[in-house]
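Visitor:
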Amino acid sequence: MSHQLETVPSLTDTISDLSLQRVPHSTTNDQVTVTAQSPSEISENVSNLPLEVKLPDQRGTEITRDLRYKHASTYRRIFAFIFTVNAAVFIALLLTTRWTILSKDAASAASANLMVCILFRQEEFVNLCYEIVVLAPHSWPLSIRKRLAKVFHYGGFHSGAAVAATAWYIAYTILATQEWVADKKLYKLINMVTSWIVVSMFLIILIAAYPSIRRKFHDQFEAFHRFAGWVSLITFWIHNITSAHVTALEWGKPISYALVRSPNFWCICVTTLCTLASWSRLRRRAVYPEKLSDHATRLHFKYRGMKPFYGLKISEKPLTEWHAFATIPDIEPESGKVEGFSIVVSNAGDFTKKQIMNAAERKLWIRGAPLHGLLYTSKLFRRIVIVATGSGIGPCLSLLHADVTPRRVLWSTRDPEKTYGPTVVCAVQRADPNAVIWNTTERGYPDIVRETYQLVVESNAEAVYIISNPKVTEKVVFGTAHRKQTPRRIATNLCEALFWLCFVRESNDYIEDGHFPQVFRYFQSVKCLCVDHDKVDWHIIVSNSAEVEGLTQLLSTLEACNQTFSRWKTPKDNVPGKNPSFNIVNLYDILPDRLRTDLTPEDTNALLQKFDKYAYQSIKKMSAADHFDYDLALWLDSEAIFVAPGEIRDIFEGHLRNPIVWRSRMSLEEREKWLMGNAAATLGRSINSFGDQLWLLESLQWIIEKPIWNDMVLSIEMAHGGNFWDIWIKNSYPFELLVYYLHIIARKMETVNSIFSDYRILETERELIRFGLAQSISAMEDRRGTGFMERLPHFIVKPHSVLTPNLVAFCRSYSLRALRMDNMDNFEESALDRFLIDGDIKMLVSGAPDIHQWWDDRIKNGDAINGTETSYS
C-alpha cells in the first residue's frame, strides 16, 4: 500500500477552467413523493450524476514533468540533502587536515550518521517530529504548511544517513587496514576485523534494501535488515570498547574515562537505546477477529485504547516479519468511550490471507509504540480530499473517526458493503455524507484523476491524500500536480466585507431594552470562534450617533477568550484573542443625499416613519452596498452568530465555488406576485419576460458582488433615465435581493461575462427532492412569503429528524455555510447538533437564536458535549 500527499494550490487555482455540468434531472412534479434516504442512497444518487470536467493543461515538457514529479520526490531530495551535508563535512576535513582524513574523524562521522539513521526509525522520535510539525497554525501560508506535511518522508533521513554511514565506515575501515599493515599489533587487528564485519553487514543491508530487490524478496529483506543490524550493533560495541581500551592505556586513565570522551560512545548509546526501546515492548496480545468477507477482516484488540492517527506493527513470527497497519479507535456505543482499537486487513499476501481465513480468537505479537502516519498531517490543512482504493480505506478510518478536518472522500473498491461490511461503509458516510463510493464491480474503474479534481473543486481543498497501490498513487499525484494554474475568482486579494445591520428601535434605548447585550453575545462568538476575523472588513450600521457611542463602549468590553467557548475548544490562535476591528457606522453618514431630508446624525427615525420596517432595512443594506469598497459582501441582520470554530472566508469561497440563484415554483399569492412585479419594474423589465410564477426570495446567504451591484445600479438608471433611489422608491421599494437576483437572471441571458454566466439558476423543490427531502416540503408550505431555502434548517424539525443526513449532504454539495434559523423549537437535540457540525455551518443569520446559550444550558444539565475538538483546536 502506498501513501501519498499532494497539496493542491494548483488545483484550487484552476476552477475557472473546469466545466462541471450535471445532466438535466428527470422530470418531476408537485405530486412526487420521496421517502427518507439512507446516507448510502444519498451518496449513490449524487455521485452517480455524470460530470464533464475539463482538466487544466499540463505544465512543462514530459522530461521536466518526469524530473520534477517522479524523480525529484521529497524523499529523494532529503536523501540528497543528507549526502550534501556529509560531502561538505568531508571537504572541510580535507581542508583542515591537509588532504588527509584521520581515522577517528571518519569513525565519528559514521557513528553520527548511524545514530541519525536509527533515530528516524524510533517511534517516539518520529511521533515527536509529527507533533512539532502539526503545531503550525492554519494562518501560516499554504506553501509552508505543505512542506511541513512532507514530514512523512522522514525515511529519506533514514536511508540517506544509512548510506552515508556506510561510506564513512568504508573509509574508516580502509584507514584501519592501512594502520594494521603498518603496525601489526593485536588491538589494531581486532579493530580491522570488527570494522570489516560492520562494513559487510552494512553492505548486506544496503543491497537488500534496494527498491527492486526489496519488493521481490521482502521477507528476506526484513531478515537481512534485522539480523545484520544486530550483528553490526554488537560488533560496534566490541570495536568501541577495544578502541577505548587502547586510548585509556595511552592516556594512563581508566577505560570509562576514555569512553565518555568519545563521540562514538554516545552515538552508539543512543542507537542501542532506540533499538532496546522498541524490542523491550514486544508483547503477545489477544486479538478478536470480525470477518468482513473472504477478502477482508477486522482485527480487534482490547488491551488498551488508541487515539486516532496511529499505526501499529503485528506479527506471528517476530524475528523474521512484521506488518504495519493503521489503527481505528473502537467506540463503545452506549458509553461513547474508546474501549480498544482495530485494524482492517485486506487480502494482499500470505500473511493477510491467513488472518482473513482464521476467524478464531488468538494472539499476535505487537512491538514498539504506536506510530503516527501520513494522515496525522491532515491537521495542517483547512480542507482535504481523501482518495482511497480497496483496503486503503482502512488507514483513513482513523482520520474519519477523529473528525477534525473538513474532508471529501473518494473510495473506489469492488462491492464495498459486501467486501468491508456496512460498519465501514457507514463510517465513511458519517465522515462525508456526500462521499463518492465507487463500486468497481458495477461501474468499472473510475477516471480517478478527474474524480479527484471534482472533489477538490467542490470542497476547495488544500491537500489531497491518496491511500492506494503505488501505481494509482503515482497516477493521481502525477495527474494533478503538474497541471497549469489559471486565474479564478477565489483569490487571496479579494476584499471581503460584512455589513452588520442593527435593527431600529423606536426608543433608541438599545442598552436598556436588551438589544445591544444580545448583539454583544454574538460579537463575542466572532472573537472566540472566527479564526480569520482580521482578514475581512466588518461594518456595523446603526441608526444614530447615540447608538454609535453606546455600541462602541459595549464592544470595548468584549471578554478574553478562554480555552473553551460554549461546547467548543477555542481555536488556539484565538486564546485569549484580540478584539475584531469593527467599524461602527452611523446610517446618516452613508445615506444618499436625497434621503437625508429632515434627518440628523442624532435621529434617522423619520425614514422608518416614511417607509416600513423592511424598506428601512433595505435602505441600510443598499446604502452600505453603494458606499463601501469591496469585492464580496455579506449582509447580516443584528442576530447573526458564529456557530463553530472556522473561517468567515469559507462562506465567501463557498459562494464563489457555487454561485446560484435559487428560484421556487411555490404557488404565489398576490403579495408575492406584486413584489416580483415591482422588482422587475425597477429593472425596467416586465415580470412576464421571466414567468409570472417566478419567486426569488429563496436567499440563503445574502452575499452580493460589487461588480454585479454596480452593473445593476447602472442598468436601472440607464433603463429609466433617472436616479437609482428615486426609481426604487417609485416602484414601491421592493426587497433589494429580489432586484439583485432578477438582474443576474436577466444579465445571464444577455451577456457572456463570466461574472453572470457562472451563476446557475436552480429550482428549490427539484433539488430538495433530489436529496430526499421531499417529505418536508409540505410541512414548509405555511412559510409562504419567504421561501423554502430561507428556512432550510427547519426541514429537519420533528418528525423529520431522520432527514438530517440528507440536509447535511445538500448543504455540503452547494457549499452552504450561513443559514437562517428562527428558533430551536421542535428540533431533536442530536439531529440539530449533527446538522450544524456535519454540515459545517459557520453562521446562523437574520434573527438567529443564541445557539451557544442552548449548548451551555445542555452542558449544565449534564450533556457531555463540552470540549468538542476541531481542526482549529
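All residue numbers for the sequence shown refer to my numbering, where the first residue is 549 and numbers rise by one.
Ideal Cβ placement from N, Cα and C applies to all residues, glycine included.
No experiment lies behind these values; they were computed from the predicted model shown.
#1: Pick out the complete alpha helix (DSSP H) segments inside the region 1326–1396, 4 residues or longer, and give them in chain order.
#2: Tell me whether H920 sits in a helix, a strand or coil according to DSSP, three-state version.
#3: Looking at the structure shown, is R1314 part of a helix, part of a strand, or coil, going by DSSP?
#4: The beta strand (DSSP E) that contains P1255, what's its start and end?
#5: What would DSSP say about K1408, mapped onto helix, strand or coil?
#6: Grouping DSSP H, G and I as helix and E and B as strand, with all else coil, what is L1216?
#7: Return the chain-ordered ranges of every alpha helix (DSSP H) run that is complete within the region 948–1003 and spans a minimum of 4 residues.
#8: Closest to H1175 by CA distance: which of L723, V1261 and F631 is it?
#9: In whole angstroms, give me the CA-to-CA distance for S1361 and K911.
#10: Going straight from the alpha carbon of K732 to that of T721, what length do you get?
#11: When the Cβ atoms of the region 656–668 are set against those of the region 805–825, are three or more pairs found closer than 8 Å?
#12: Assuming contact is defined by CB atoms lying nearer than 8 Å, are V997 and K1019 in contact in what I supplied?
#13: Taking 6 Å as the limit between beta carbons, can you name the residues of its chain near D578, skipping five residues before and five after?
#14: Excluding the 5 residues preceding and the 5 following I1264 in the sequence, name in chain order all residues of the same chain whose CB lies nearer than 7 Å to its CB.
#15: Here's the rule: buried if 16 or more other CB atoms are within 10 angstroms of the residue's CB, otherwise exposed. What is L797?
#16: Between I1399 and the ligand ZN, is the CB less than 7 Å from at least one heavy atom?
#17: Looking only at its own chain, which residues have a Cβ that is under 7 Å from the Cβ of H701, when we skip the five neighbours before and after it?
#18: Taking only beta-carbon positions, decide if C974 is within less than 8 Å of chain D.
#19: In this structure, does DSSP put E1097 in helix, strand or coil?
#20: DSSP three-state label for T937, please.
#21: Do three or more CB pairs link the region 838–847 to the region 958–970 at distances below 8 Å?
#22: What is the rounded straight-line gap between the Cα of W1048 and the Cα of P1124?
#23: Please classify L1285 as buried or exposed, where buried requires at least 16 neighbouring CB atoms within 10 angstroms.
#24: Where does the unbroken beta strand (DSSP E) through S1016 begin, and where does it stop?
#25: Following the continuous beta strand (DSSP E) through N1271, name the residue where it begins and the one where it ends.
#26: As a quick exercise: from D1085, V1133, E1044 and Q1072, pick the residue whose alpha carbon is nearest that of L1204.
#27: Ordered along the chain, which non-local residues of its own chain (more than five positions away) have a Cβ less than 8 Å from that of I761?
#28: R695 to F1113, Cα distance in whole Å?
#29: Using the Cα positions of R774 and T823, report the straight-line distance between them to the nearest angstrom.
#30: Within 10 Å of its beta-carbon, does H619 have 16 or more other beta-carbons around it, so buried, or fewer, so exposed?
#31: Would you kindly work out how many angstroms separate the C-alpha atoms of G1098 and Y1001, rounded to a whole number?
#32: Can you find the residues in the same chain that come closer than 8 Å, C-beta to C-beta, to V779, ignoring five residues on each side of it along the sequence?
#33: Could you check what DSSP says for P811 in three-state terms: helix, strand or coil?
#34: Could you check which residue in S687, D1240, C665 and A792 has the C-alpha nearest to that of D1082?
#35: Is it buried or exposed, R1219, if we count other Cβ atoms within 10 angstroms and call 16 or more buried?
#36: Residue range of the beta strand (DSSP E) that I1089 falls in?
Guide: Here's the rundown:
#1: Runs found: 1352–1361 and 1377–1386.
#2: In the sequence shown, counting from the first residue as 1, residue 920 sits at position 372. In the structure shown, the three-state DSSP call for H920 is strand.
#3: Counting from one through the sequence shown, the residue named residue 1314 turns up at place 766. It is helical.
#4: Locating residue 1255 in the sequence shown gives position 707, counting from the first residue. Not the beta strand (DSSP E): P1255 falls in the alpha helix (DSSP H), residues K1254 to H1268.
#5: The residue you call residue 1408 lines up with position 860 of the sequence shown. If DSSP states are grouped into helix, strand and coil, K1408 belongs with the helices.
#6: Locating residue 1216 in the sequence shown gives position 668, where the first residue counts as 1. Here L1216 sits in coil by DSSP.
#7: 964–979 and 988–991
#8: Along the sequence shown, one-based indexing puts residue 1175 at 627. Comparing Cα-Cα distances from H1175 to each of L723, V1261 and F631, the minimum goes to V1261.
#9: Here residue 1361 is taken as the residue at index 813 of the sequence shown, counted from 1. Here residue 911 is taken as the residue at index 363 of the sequence shown, counted from 1. Whole-angstrom Cα-Cα distance: 45 Å.
#10: Taking the sequence shown and counting its residues from 1, one reaches residue 732 at position 184. Taking the sequence shown and counting its residues from 1, one reaches residue 721 at position 173. Whole-angstrom Cα-Cα distance: 15 Å.
#11: A contact exists between the region 656–668 and the region 805–825.
#12: Counted from its first residue, the sequence shown places residue 997 at position 449. Counted from its first residue, the sequence shown places residue 1019 at position 471. Contact: no.
#13: Start at 1 with the first residue of the sequence shown, and residue 578 comes out as number 30. The pLDDT assigned to D578 is 32, lower than 50, so where the model puts this residue is not dependable, and the model offers no usable value.
#14: As a working mapping, residue 1264 is identified with position 716 in the sequence shown. Cβ within range, chain order: T1230, L1231, G1232, F1272 and I1275.
#15: As a first step, residue 797 is located in the sequence shown; it is residue number 249 there, counting from the start. L797 is exposed by the Cβ-count criterion.
#16: By its list of ligands, the structure shown contains no ligand whatsoever, and the ligand ZN lies outside what it can speak to.
#17: The residue labelled residue 701 in the question sits at position 153 within the sequence shown. Excluding sequence neighbours, H701 sits near T622, Y623 and I626.
#18: Within the model displayed, chain D is absent; a lone protein chain is all it includes.
#19: Numbered from its first residue, the sequence shown carries residue 1097 at position 549. Reduced to three states, the DSSP call for E1097 is helix.
#20: The residue given as residue 937 occupies position 389 in the sequence shown. In this structure, T937 counts as strand in the three-state DSSP scheme.
#21: yes
#22: Residue mapping note: residue 1048 aligns to position 500 of the sequence shown, counting from 1. Residue mapping note: residue 1124 aligns to position 576 of the sequence shown, counting from 1. C-alpha separation (whole angstroms): 24 Å.
#23: On the sequence shown, position 737 is the one that residue 1285 refers to. L1285 comes out buried.
#24: Indexing the sequence shown from 1 puts residue 1016 at position 468. Where S1016 is concerned, the enclosing beta strand (DSSP E) stretches over A1011 to S1016.
#25: Taking the first residue of the sequence shown as position 1, residue 1271 is located at position 723. Counting along the chain, N1271 falls outside any beta strand (DSSP E), and DSSP gives it neither H nor E.
#26: One-based indexing of the sequence shown puts residue 1204 at position 656. Comparing alpha-carbon positions, the option among D1085, V1133, E1044 and Q1072 lying closest to L1204 turns out to be E1044.
#27: Sequence index remark: in the sequence shown, residue 761 carries index 213 (1-based). Correct list, in chain order: I755 and F769.
#28: Looking up residue 695 in the sequence shown gives position 147. Looking up residue 1113 in the sequence shown gives position 565. Cα-Cα distance, rounded: 32 Å.
#29: Taking the first residue of the sequence shown as position 1, residue 774 is located at position 226. Taking the first residue of the sequence shown as position 1, residue 823 is located at position 275. Distance between the alpha carbons of R774 and T823 is about 11 Å.
#30: By 1-based counting over the sequence shown, the position of residue 619 is 71. So H619 counts as exposed.
#31: Along the sequence shown, read from residue 1 onward, the residue named residue 1098 stands at position 550. Along the sequence shown, read from residue 1 onward, the residue named residue 1001 stands at position 453. Roughly 50 Å separates the two Cα atoms.
#32: As a working mapping, residue 779 is identified with position 231 in the sequence shown. Cβ neighbours of V779 beyond the five flanking positions: I745 and M749.
#33: Here residue 811 refers to the residue found at position 263 of the sequence shown. The answer is helix: DSSP assigns P811 an H, G or I state.
#34: Stepping through the sequence shown from its first residue, residue 1082 is reached at position 534. Of the listed residues, the one whose Cα sits closest to D1082 is S687.
#35: Here residue 1219 corresponds to residue number 671 of the sequence shown, with the count starting at 1. Exposed, by the Cβ-count rule.
#36: Position 541 of the sequence shown, counted from the first residue, corresponds to residue 1089. Residues D1085 to V1090.
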